[in-house]
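Participant: Below is the structure I would like to discuss, written out as structure tokens.
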Amino acid sequence: MPPVGIADRGELTLNKDEFSYKNWNSAQLAGKVRVLLHIAGRTSAKEKNATLIEAIKSAKLPHDRYQTTTIVNTDDAIPGSGMFVRSSIESNKKLYPWSQFIVDSNGVARNAWQLKEEGSAVIVLDKDGRVQWVKDGALTQQEVQQVVDLLHKLLSK
Numbered sequence: 001m002p003p004v005g006i007a008d009r010g011e012l013t014l015n016k017d018e019f020s021y022k023n024w025n026s027a028q029l030a031g032k033v034r035v036l037l038h039i040a041g042r043t044s045a046k047e048k049n050a051t052l053i054e055a056i057k058s059a060k061l062p063h064d065r066y067q068t069t070t071i072v073n074t075d076d077a078i079p080g081s082g083m084f085v086r087s088s089i090e091s092n093k094k095l096y097p098w099s100q101f102i103v104d105s106n107g108v109a110r111n112a113w114q115l116k117e118e119g120s121a122v123i124v125l126d127k128d129g130r131v132q133w134v135k136d137g138a139l140t141q142q143e144v145q146q147v148v149d150l151l152h153k154l155l156s157k
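Residue 133 in UniProt numbering sits at position 133 of the sequence shown, with consecutive numbering throughout.
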């Protein structure tokens, strides 16, 4: 997975109810086991892997060693919906402050990683930032269980 830097928007931060954005680089992903979700800025893309998100929430993974990083490609959104997409991301950041949300306004990550348009990709990384599992598309229930099992295995190391 080639490293990607996102400077237009980037990582959403929340500090005392104030939102801001800072440059983000995928080289910063090492240090924790993580699920990296790359989704188009469309409800249909978000729904493709909603069962995985629910399974991760239910697994109650330790925030000190696990993190979900969601990259939202707002370049791949329905025209005129960008403001609503960002508002939804901000709401999620308030609900899940330990999660990482990246806004990719120019589709840099999708292009670098050659992901499908209007899609939802899931990438599991070990604590050293190495790819352990990947799928570009909706996961089956069996694949969701496979990812959760893999996360538990990686966290036990």
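Using N, Cα and C, we set each Cβ at its ideal position, and we do this for glycine too.
Since the structure is predicted, the reported quantities are computational estimates derived from the model, not experimental observations.
1. Count the other CB atoms, across all protein chains shown, that sit within 10 Å of the CB of S44; report buried if there are 16 or more and exposed otherwise.
2. So, is L95 buried or exposed, given that buried needs 16 or more other C-beta atoms within 10 angstroms?
3. Can you look up L52 in the DSSP assignment and give me helix, strand or coil?
4. Taking DSSP's pairing of strands, which residues face K135 in a bridge?
5. What residue range does the beta strand (DSSP E) around V103 cover?
6. I'd like the list of long-range same chain contacts for N23, defined as Cβ closer than 6 Å, with 5 residues on each side in sequence excluded.
7. Distance check for V4 and F101, CA to CA, integer angstroms please.
8. So which of T74, I39, S99 has the shortest CA-CA distance to L14?
9. Look up K16 in the DSSP assignment and say whether it is helix, strand or coil.
10. What do you reckon, are the CB atoms on R42 and K127 nearer than 9 Å?
11. Look up G10 in the DSSP assignment and give the residues it is bridged to.
12. Taking its Cβ as the centre, do 16 or more other Cβ atoms sit within 10 Å of A77, making it buried, or is it exposed?
13. Please state whether the Cβ-Cβ distance between G107 and D75 is less than 9 Å.
Facilitator: If we stick to the structure as given:
1. exposed
2. exposed
3. helix
4. Answer is V122, bridged to K135.
5. 100-104
6. A7, G10
7. Taking the straight line joining both Cα atoms gives about 15 Å.
8. S99
9. The answer is coil: DSSP assigns K16 none of H, G, I, E or B.
10. Taking 9 Å as the Cβ cut-off, R42 and K127 do not qualify as a contacting pair.
11. V103
12. Flag for A77 reads buried.
13. Yes. Within cutoff.
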